[in-house]
Amino acid sequence: MATSLPKILLVDDEPQIRRFLHLGLRPHGYDCVEAGTATDALRVFTKERPDVVILDLGLPDRDGFTVIQQIRSAGLTPIVVLSARSDIEGKVRALELGADDYLTKPFDMSELLARLKAALRHGLQTIGEAPVFHTGRLTVDLVKRQVYLGDAEVRLTPKEYSLLRFLVGNAGKVVTHQQLLKEVWGPAHLEDLQYLRVLMRQLRHKLEPQGSPNILVTEPSIGYRLLQLQ
Numbered sequence: 000m001a002t003s004l005p006k007i008l009l010v011d012d013e014p015q016i017r018r019f020l021h022l023g024l025r026p027h028g029y030d031c032v033e034a035g036t037a038t039d040a041l042r043v044f045t046k047e048r049p050d051v052v053i054l055d056l057g058l059p060d061r062d063g064f065t066v067i068q069q070i071r072s073a074g075l076t077p078i079v080v081l082s083a084r085s086d087i088e089g090k091v092r093a094l095e096l097g098a099d100d101y102l103t104k105p106f107d108m109s110e111l112l113a114r115l116k117a118a119l120r121h122g123l124q125t126i127g128e129a130p131v132f133h134t135g136r137l138t139v140d141l142v143k144r145q146v147y148l149g150d151a152e153v154r155l156t157p158k159e160y161s162l163l164r165f166l167v168g169n170a171g172k173v174v175t176h177q178q179l180l181k182e183v184w185g186p187a188h189l190e191d192l193q194y195l196r197v198l199m200r201q202l203r204h205k206l207e208p209q210g211s212p213n214i215l216v217t218e219p220s221i222g223y224r225l226l227q228l229q
């Protein structure tokens, strides 16, 4: 029977984890399909065309990085990595290969649900990005290159706007330091992390005045995330 529920592909070699995820996600309006290996994951992905993939990296036949690469080569389906691996190198590699987010086991179901919603919103934005972006009190007119907090226009330098523009295009998603450095300064500056920190501090000063909610979140040792608030 056809379903209009968002479809999630659960990829994990532990049946009990897949069952736990299935039971936790279904009441929140998600339809789930499952795979226990990388080979099955790619087969099910091709057949079912899910709206989002939850992926463990530790699969018995191939590692999850291969799955990320294969899914990314096929399109822009959001990928949320859910893995016992907690090393920064693994997180950065997964994100730079194209994963939208990364959670470490053990995890909180409410946080996973929030990350899923953000990944789905990002997927829709990527397909057809709206000319005007909103999050909380922040509005970014991507056509006119104008930025507002409430009704007040915020003046940004060209580099500040480039940084914000890339974060807007990936709203809700973790963006690594190297991705931001490459986008704003170019591939010759991938080690110039201090440039990025200074620019982010300037951007926060302008977009997060005292008393305003934080929308620019630091992911320690990895990068940054622009939150999507109501």
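Numbering (numbering that gives the first Met the number 0), first residue to last: 0 to 229. Heads up, the beta-carbon is just placed ideally off N, CA and C, and yes, glycines get one too.
I'd like the span of the alpha helix (DSSP H) that includes residue i, first residue to last.
i: G168; result: P157 to G168
i: L179; result: H176 to V183
i: F64; result: G63 to A73
i: V173; result: Where V173 is concerned, there is no enclosing alpha helix (DSSP H), given that its DSSP letter is neither H nor E.
i: E88; result: I87 to L96
Tell me, which residues are paired with residue i by DSSP?
i: L54; result: V10 and V80
i: E152; result: Y147
i: D140; result: V131 and Q145
i: T103; result: S82
Note down the Cα distance separating residue i from residue j, rounded to an integer number of angstroms.
i: V32; j: P14; result: 12 angstroms
i: D140; j: S161; result: 13 angstroms
i: A198; j: R136; result: According to the sequence displayed, residue 198 carries Leu and not Ala. Each residue's alpha carbon lies about 21 angstroms from the other.
i: V174; j: G149; result: 26 angstroms
i: K158; j: T134; result: 21 angstroms
i: P130; j: H176; result: 26 angstroms
i: A98; j: L54; result: 9 angstroms
i: T156; j: I16; result: 47 angstroms
i: V52; j: Y194; result: 34 angstroms
i: D30; j: P105; result: 22 angstroms
i: S82; j: F165; result: 27 angstroms
i: Q227; j: E88; result: 26 angstroms
i: R18; j: L94; result: 26 angstroms
i: G74; j: Q201; result: 35 angstroms
i: I126; j: D62; result: Annotation note: pLDDT 46 at I126 (below 50); position unreliable, coordinate value reported separately. Cα-Cα distance, rounded: 28 angstroms.
i: H27; j: A187; result: 45 angstroms
i: H204; j: G185; result: 24 angstroms
i: E110; j: I7; result: 16 angstroms
i: R196; j: V167; result: 18 angstroms
i: L4; j: V79; result: 18 angstroms
i: L96; j: L115; result: 18 angstroms
i: T45; j: G210; result: 47 angstroms
What is the residue span of the beta strand (DSSP E) that residue i lies within?
i: Y223; result: G222 to L225
i: R29; result: Note that residue 29 corresponds to Tyr in the displayed sequence, not to Arg. Looking at the DSSP string, Y29 is not in any beta strand (DSSP E), and its letter there is neither H nor E.
i: V131; result: V131 to T134
i: E218; result: L215 to E218
Tell me the DSSP secondary structure of residue i in three-state form.
i: D39; result: helix
i: E190; result: coil
i: G23; result: helix
i: Q209; result: coil
i: L111; result: helix
i: L119; result: helix
i: R48; result: coil
i: L198; result: helix
i: L4; result: coil
Once the 5 residues before and after residue i are set aside, which same chain residues still bring their CB inside 7 angstroms of it?
i: Y147; result: T138 and V153
i: T217; result: Y223
i: P59; result: D12 and T36
i: N213; result: E207
i: K181; result: L189
i: Q145; result: E152
Less than 6 angstroms between C-beta atoms, sequence neighbours within five positions excluded: which residues of the same chain meet that for residue i?
i: L41; result: Q69
i: R84; result: L56
i: A34; result: V10, A40 and V43
i: L20; result: L9
By Cβ distance, which residues of its chain are closer than 8 angstroms to residue i, with the 5 residues on each side in sequence left out?
i: R25; result: C31
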